[in-house]
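Q: Residue numbers (the working numbering), protein chains in the order written: chain A, 1 to 390; chain B, 1001 to 1226.
Using N, Cα and C, we set each Cβ at its ideal position, and we do this for glycine too.
Got a structure for you, questions after.
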């Protein structure tokens, strides 16, 4: 009930409970600091685990969703974007001939070996696309011109991996599988879940860099004609071409996400981490809130002796929990958002969208309320006669 | 809030027995105690440690239900009340003063008193007046840690007076105080009892209580000594 609708005595009771709760928490500054550290630690832990989960999902699906294809055609049995069997050029023509298909192009996605200009090597992934078509290609190009990828031996890499790949400026030259690769541009924040950098090249250059045969491809990307349902086209391809299967872009992104996040256990471990963080958080918060209540046991006993109703005492303890949760959340979420911002320059992305931030507040509140239940039970069981025993 | 009925005696305890434990481990803290305290009377309960005086105070103060016997306080039979009703009875009718003050260390003198006022549905603004009554008008915003023992006990008395309860119950209120502060606290309690026509029961070892009490009841081994 809004406080303005409460009677004056009820407002006074609420204000009194809030004051006692606030002072109980903050009177001993050292204990208050410990309480806050516990809650902030729990909030950050859960935020980072949750943020990593969302960051992984974003990283995994973006390589598919940021392309402009409606349907992805691939070798039957393909489970994810990063690892797929080769298909043939003739499959491109078969797909192009289907009704409802506006245009189609081949795409290469293939792991390869990158030799740095200064020595040393790295695994990376060549992504070869048709730069004249616009169905696929890098996004967030921050340096260089996409058109330069039409030139021989050219590639674009992400600025996140400058150090890893040993290239720092346009014009730097490396080797991919023994072939010359000249950097003509940089992208921003294009990651892969496998942490192998995505290196973009024209389809023609990628055939060479990935040691692919002339008539090979990893995917055929297609755009459906206006008004045509991509799912229906994908189902038709899957039903009529036994060696191929096709999925809508969203469906393929989901398949890739499911593979990396759940089949490999990577996502499960992050979810488990978040759950463990929540459990650890509840334990930490329970301990600090319980200790705070126990420190004031005689005062609660005095309140009971004076005749304070149980609801007043419960209100104090819940107010303690709410104040602790709100302050702990505020500090924790700010720290987490700063870490999220820092992760933009790292290989692993942390994402904390408003929905997760709001959910975390509810979790913090629930965590502190749950933790205070033990204290409430203890205080309500107090025998008021205890006040005469000191 | 639970309001007591109006009758002549403020407190009437009849054959009150309080037993802790059962069987061979049973311990009788009170054994058939009968006691009457008139309205406006100041009674001192004296006796050696472990004699049962604090137990009797707890029974009178609706903090403890007797194992046997009956207790009527301000016309209400406490035996007929459940735990929440006993709490409501205490809140409406009794003010408590404790040996260890039992102030909230995180609250100022004013806030300590205002808490009791809030529980009784009275405005917090009355706290200053109550503290002035006990001579602490200049210490309204002081925390207990900054007050002397005597000052703390006076804050506790002001808190006990919040809501103007007809019954004031004090457990060894001078035990932690030096001689002059002890005297001051007892004089203050007497004055407040007389001014407010309150019934006061003081448990004490302190012989100075004899000087101010209207009557003294002595307990030994759980019985009132004639």
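1) Quick one: what's got a C-beta closer than 6 Å to residue 1049 of chain B's C-beta in the same chain, skipping five residues either side?
2) What are the partner residues of residue 386 of chain A, as DSSP defines its beta bridges?
3) Is there a Cβ of chain A sitting closer than 8 Å to that of residue 1130 of chain B, yes or no?
4) Can the beta-carbon of residue 364 of chain A be found closer than 8 Å to that of residue 318 of chain A?
5) Give, in chain order, every residue of the region 1088-1104 of chain B whose Cβ lies closer than 9 Å to some Cβ of chain A.
6) Which word fits residue 1120 of chain B, buried or exposed, when buried means at least 16 other C-beta atoms lie within 10 angstroms of its C-beta?
7) Apart from the five residues on each side of it in sequence, which residues of its chain come closer than 7 Å, Cβ to Cβ, to residue 270 of chain A?
8) Kindly indicate the opening and closing residues of the alpha helix (DSSP H) around residue 46 of chain A.
9) Per DSSP, what are the beta-bridge partners of residue 328 of chain A in this structure?
10) Closer than 8 Å, CB to CB, is residue 1148 of chain B near chain A or not?
11) Cβ closer than 7 Å: which chain A residues qualify as neighbours of residue 1121 of chain B?
12) Counting only Cβ pairs nearer than 8 Å, list the residues of chain B close to residue 308 of chain A.
13) Could you check how far apart the C-beta atoms of residue 1117 of chain B and residue 1128 of chain B are, in whole angstroms? I think they sit under 8 Å.
14) Would you report the Cα separation of residue 307 of chain A and residue 1098 of chain B, rounded to the nearest angstrom?
15) Does any residue of chain A have a CB that is nearer than 8 Å to the CB of residue 1217 of chain B?
16) Mind checking if residue 387 of chain A is an interface residue toward chain B, Cβ cutoff 8 Å exclusive?
17) Excluding five sequence neighbours on each side, which residues of the same chain lie with their C-beta closer than 8 Å to the C-beta of residue 28 of chain A?
18) Answer yes or no: does any C-beta atom of chain B fall closer than 8 Å to that of residue 16 of chain A?
19) Any idea what DSSP makes of residue 1087 of chain B, helix, strand or coil?
20) Would you say residue 19 of chain A faces chain B, with C-beta separation under 8 Å as the test?
21) Among all the DSSP beta bridges, which residues are the ones paired with residue 113 of chain A?
22) What residue does the alpha helix (DSSP H) around residue 1150 of chain B start on, and which one ends it?
23) Is the region 297-307 of chain A in contact with the region 382-389 of chain A, if contact means three or more CB pairs nearer than 8 Å?
24) In this structure, how does DSSP classify residue 1097 of chain B when only helix, strand and coil are distinguished?
25) Please decide whether residue 1081 of chain B counts as near chain A, where near means a Cβ-Cβ distance under 8 Å.
26) Return the CA-CA distance between residue 1130 of chain B and residue 1203 of chain B, expressed in angstroms with no decimal places.
27) Roughly how many angstroms lie between the CA atoms of residue 110 of chain A and residue 35 of chain A, to the nearest whole one?
28) Relative to the C-alpha of residue 1186 of chain B, which candidate in B/1166, B/1214, B/1091 has its C-alpha closest?
29) Under 7 Å from any heavy atom of the ligand NAD, does the C-beta of residue 361 of chain A make it?
30) Quick one: list the residues of chain A neighbouring residue 1171 of chain B, beta-carbon separation under 9 Å, in chain order.
31) What distance in whole Å lies between the Cβ atoms of residue 1031 of chain B and residue 1017 of chain B, which are believed to be in contact at a cut-off of 8 Å?
32) Between residue 1111 of chain B and chain A, is any beta-carbon pair separated by less than 8 Å?
33) Taking CB distances under 8 Å as the criterion, tell me whether residue 1058 of chain B reaches chain A.
34) Would you grab the beta carbon distance between residue 91 of chain A and residue 327 of chain A for me? Rounded to a whole angstrom, and I think it's under 8 Å.
35) Could you tell me which residues DSSP puts in a beta bridge with residue 72 of chain A?
36) Measure the C-alpha to C-alpha separation of residue 1227 of chain B and residue 1198 of chain B and round it to an integer number of angstroms.
A: Per the coordinate set shown:
1) Taking the first residue of the second chain as 1, we reach residue 1049 of chain B at position 49. There are no such residues.
2) The count along the first chain starts at 1 and reaches residue 386 of chain A at position 386. Its beta-bridge partners do not exist; DSSP assigns none.
3) Taking the second chain and counting its residues from 1, the one referred to as residue 1130 of chain B is at position 130. So no, residue 1130 of chain B is outside the interface.
4) Within the first chain, residue 364 of chain A is the residue found at index 364, counting from 1. Within the first chain, residue 318 of chain A is the residue found at index 318, counting from 1. Not a contact, by the Cβ cut-off of 8 Å.
5) Residues passing the 9 Å Cβ filter: 1088, 1089, 1090, 1091, 1092, 1093, 1094, 1095, 1096, 1098, 1099, 1100, 1102, 1103, 1104.
6) As a working note, residue 1120 of chain B is residue 120 in the second chain. If you draw a 10 Å sphere on the C-beta of residue 1120 of chain B, you find 16 or more other C-beta atoms in it, and that means buried.
7) Position 270 of the first chain, counted from the first residue, corresponds to residue 270 of chain A. For residue 270 of chain A, where only same-chain residues beyond five positions count, the Cβ hits under 7 Å are 49, 52, 53, 56.
8) Start at 1 with the first residue of the first chain, and residue 46 of chain A comes out as number 46. Where residue 46 of chain A is concerned, the enclosing alpha helix (DSSP H) starts and stops at 29-65.
9) For the purposes of this step, residue 328 of chain A is taken as the residue at position 328 of the first chain. Answer is none; residue 328 of chain A lacks a bridge partner.
10) By 1-based counting over the second chain, the position of residue 1148 of chain B is 148. Between residue 1148 of chain B and chain A, the shortest Cβ-Cβ separation is not below 8 Å.
11) By 1-based counting over the second chain, the position of residue 1121 of chain B is 121. Scanning chain A for C-beta atoms nearer than 7 Å to the C-beta of residue 1121 of chain B yields 9, reported in chain order.
12) On the first chain, position 308 is the one that residue 308 of chain A refers to. The CB of residue 308 of chain A comes closer than 8 Å to the CB of 1087, 1091, 1119 in chain B, given here in chain order.
13) Taking the first residue of the second chain as 1, we reach residue 1117 of chain B at position 117. Taking the first residue of the second chain as 1, we reach residue 1128 of chain B at position 128. Not quite, the Cβ-Cβ distance comes to about 11 Å (not below 8 Å), so this is no contact.
14) The count along the first chain starts at 1 and reaches residue 307 of chain A at position 307. The count along the second chain starts at 1 and reaches residue 1098 of chain B at position 98. Computed Cα separation, rounded: 15 Å.
15) Translated into positions along the second chain, residue 1217 of chain B becomes position 217. Among the CB atoms of chain A, none fall inside 8 Å of the CB of residue 1217 of chain B.
16) In the first chain, counting from the first residue as 1, residue 387 of chain A sits at position 387. Residue 387 of chain A counts as touching chain B.
17) As a position in the first chain, residue 28 of chain A is number 28, starting the count at 1. Within the same chain, 295 come within 8 Å of residue 28 of chain A by CB-CB distance, once the 5 residues on both sides are set aside.
18) The count along the first chain starts at 1 and reaches residue 16 of chain A at position 16. Yes - at least one Cβ of chain B is within 8 Å of the one on residue 16 of chain A.
19) By 1-based counting over the second chain, the position of residue 1087 of chain B is 87. Residue 1087 of chain B falls in the helix class under three-state DSSP.
20) Mapped onto the first chain, residue 19 of chain A falls at position 19. Residue 19 of chain A belongs to the set of residues whose beta carbon lies under 8 Å from a beta carbon in chain B.
21) Stepping through the first chain from its first residue, residue 113 of chain A is reached at position 113. Note: residue 113 of chain A sits in a beta bridge opposite A/123.
22) By one-based count along the second chain, residue 1150 of chain B stands at place 150. Counting along the chain, the unbroken alpha helix (DSSP H) around residue 1150 of chain B starts and ends at 1149-1160.
23) Judged by Cβ distances under 8 Å, the region 297-307 of chain A makes contact with the region 382-389 of chain A, as three or more pairs qualify.
24) If you number the second chain from 1, residue 1097 of chain B lands on position 97. Collapsing the DSSP output to three states places residue 1097 of chain B in a strand.
25) As a first step, residue 1081 of chain B must be located in the second chain, where it is residue number 81. Output row for residue 1081 of chain B: interface = no.
26) Numbered from 1 along the second chain, position 130 holds the residue referred to as residue 1130 of chain B. Numbered from 1 along the second chain, position 203 holds the residue referred to as residue 1203 of chain B. In this structure, the straight-line span from the alpha carbon of residue 1130 of chain B to that of residue 1203 of chain B is close to 23 Å.
27) By 1-based counting over the first chain, the position of residue 110 of chain A is 110. By 1-based counting over the first chain, the position of residue 35 of chain A is 35. Here the alpha carbon of residue 110 of chain A sits roughly 51 Å from the alpha carbon of residue 35 of chain A.
28) The sequence position of residue 1186 of chain B within the second chain is 186, counting from 1. With distances taken between Cα atoms, residue 1186 of chain B lies closest to B/1214.
29) In the structure shown, the ligand NAD is absent, as is every other ligand, since no ligand is present at all.
30) For the purposes of this step, residue 1171 of chain B is identified with residue 171 of the second chain, where counting begins at 1. Within chain A, the residues near residue 1171 of chain B are 387, 388.
31) Counting from one through the second chain, the residue named residue 1017 of chain B turns up at place 17. Counting from one through the second chain, the residue named residue 1031 of chain B turns up at place 31. A Cβ-Cβ separation of about 6 Å places residue 1017 of chain B in contact with residue 1031 of chain B under the 8 Å criterion.
32) Position 111 of the second chain holds residue 1111 of chain B. Closer than 8 Å: yes.
33) Residue 1058 of chain B sits at position 58 when you count from the first residue of the second chain. Chain A contact via Cβ: present.
34) The residue given as residue 91 of chain A occupies position 91 in the first chain. The residue given as residue 327 of chain A occupies position 327 in the first chain. Separation of the CB atoms of residue 91 of chain A and residue 327 of chain A is rounded to 60 Å, and the pair is thereby denied contact status at 8 Å.
35) As a first step, residue 72 of chain A must be located in the first chain, where it is residue number 72. Note: residue 72 of chain A sits in a beta bridge opposite A/221, A/247.
36) Because chain B in this structure spans residues 1001 to 1226, residue 1227 of chain B falls outside the shown range and cannot be described.
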